[in-house]
Amino acid sequence: GQQLNQSPQSMFIQEGEDVSMNCTSSSIFNTWLWYKQDPGEGPVLLIALYKAGELTSNGRLTAQFGITRKDSFLNISASIPSDVGIYFCAGQGRGSQGNLIFGKGTKLSVKP
Amino acid sequence: DTEVTQTPKHLVMGMTNKKSLKCEQHMGHRAMYWYKQKAKKPPELMFVYSYEKLSINESVPSRFSPECPNSSLLNLHLHALQPEDSALYLCASSQYSGANVLTFGAGSRLTVL
Chain A
451 GQQLNQSPQS
461 MFIQEGEDVS
471 MNCTSSSIFN
481 TWLWYKQDPG
491 EGPVLLIALY
501 KAGELTSNGR
511 LTAQFGITRK
521 DSFLNISASI
531 PSDVGIYFCA
541 GQGRGSQGNL
551 IFGKGTKLSV
561 KP
Chain B
176 DTEVTQTPKH
186 LVMGMTNKKS
196 LKCEQHMGHR
206 AMYWYKQKAK
216 KPPELMFVYS
226 YEKLSINESV
236 PSRFSPECPN
246 SSLLNLHLHA
256 LQPEDSALYL
266 CASSQYSGAN
276 VLTFGAGSRL
286 TVL
């Protein structure tokens with residue numbers, strides 16, 4: 451079946467640093483989504499990408515839908531303590547009955 | 176209203192108990208989902224309801240029984256669970272089945288003793 455490889459698995463950074471994480475797939479996706487999950491809460495949608503090459507920003511967050519449609523990245527600029535959490539990429543392809551495939555997550559820790 | 180509300184937030188049950196998790200959305204979404212999430216893992220799809228009919232069951236054991244009484248409500252009935260079923264259970268909804276943007280609830284943390 452379709453699988454997503456998300457990296458890095460975890461990151462420890464200093465407040466103010468920029469962060470980059472990415473997801474790759476062996477198959478093509480039509481949509482890429484990035485979610486953030488705080489401890490004890492459900493995932494919250496950060497950015498949705500619908501077109502190859504699309505670059506979308508949401509405040510300090512920027513995400514891109516790769517040209518090959520097999521990858522996506524998320525950048526966070528000037529990190530702050532509340533950026534702490536687990537970030538999941540999710541893709542929707544033609545298979546999987548249109549349901550989302552999730553990456554394994556990137557755990558972000560920010561030192562003040 | 177752009178929320179998915181789940182109750183209870185925490186549930187502790189014995190292996191012989193019968194309990195239910197509840198989920199409600201008032202966004203007019205016609206697809207609703209149950210996901211199971213273990214610690215440090217991504218959500219795993221369990222069930223999908225589309226227009227109040229069960230459309231996907233990801234080979235979930237029968238001790239989990241979903242129910243969709245109407246387009247706004249989704250229940251998950253639990254009976255004879257095992258300790259390994261302890262997890263965060265997430266409800267989500269989307270405009271329609273196969274729609275890419277899911278709105279998740281905060282989850283119900285289940286502990287099976």
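Residue numbers (my numbering), protein chains in the order written: chain A, 451 to 562; chain B, 176 to 288.
Every residue, glycine too, gets a C-beta built ideally from N, C-alpha and C.
Alpha carbons only, please: which of L265(B), R205(B), L288(B) is nearest the one belonging to N245(B)? R205(B)
Name the chain A residues whose beta carbon is nearer than 9 Å to that of F222(B)? Within chain A, no residue comes near F222(B); the closest Cβ sits about 11 Å away, beyond 9 Å.
Assigned exposure category for T180(B) - 16 Cβ within 10 Å defines buried: exposed
Output yes if chain A places a C-beta closer than 8 Å to the C-beta of A262(B); else output no. no
Using a Cβ-Cβ cutoff of less than 7 Å, which residues in the same chain neighbour G555(A) once the five nearest sequence positions on both sides are dropped? Q456, I536, Y537, F538
CB contact below 8 Å: L265(B) versus chain A: yes
With three or more beta-carbon pairs closer than 8 Å as the criterion, would you say the stretch 269–280 of chain B touches the stretch 190–205 of chain B? yes
Nonlocal neighbours in the same chain, by C-beta distance under 6 Å from H254(B), ignoring five residues either side: K193, R238
Looking at chain A, which residues of the stretch 179–211 of chain B have a Cβ within less than 7 Å of any of its Cβ atoms? none
So which residues of chain A does A281(B) contact, with C-beta pairs closer than 7 Å? E491, G492
With 8 Å as the threshold, decide whether the Cβ of L277(B) is near any Cβ in chain A. yes
Outcome for A528(A) when other beta-carbon atoms lying within 10 angstroms are tallied against a minimum of 16: exposed
Against chain B, which members of the stretch 499–528 of chain A pass a CB distance test of less than 7 Å? none
Reduced DSSP secondary structure (H/G/I, E/B, other) of D260(B): helix
Report, in whole angstroms, the separation of the C-beta atoms of N525(A) and V469(A), which I expect to be a contact under 8 Å. 7 Å
Report the option in I530(A), L550(A), S460(A), E465(A) whose CA atom is closest to the CA atom of T481(A). L550(A)
Same chain, Cβ closer than 7 Å to V276(B), neighbours up to 5 away in sequence not counted: S269
Can you pull the chain A residues whose beta carbon is under 7 Å from the beta carbon of P217(B), in chain order? F538, F552, G553, K554, G555
So which residues of chain C does Q542(A) contact, with C-beta pairs closer than 7 Å? No chain C is part of this structure, whose protein chains are labelled A and B.
Given that L483(A) touches chain B, what residues does it touch there, using C-beta distances under 9 Å? N275, V276, L277
Using the Cα positions of K215(B) and L285(B), report the straight-line distance between them to the nearest angstrom. 16 Å
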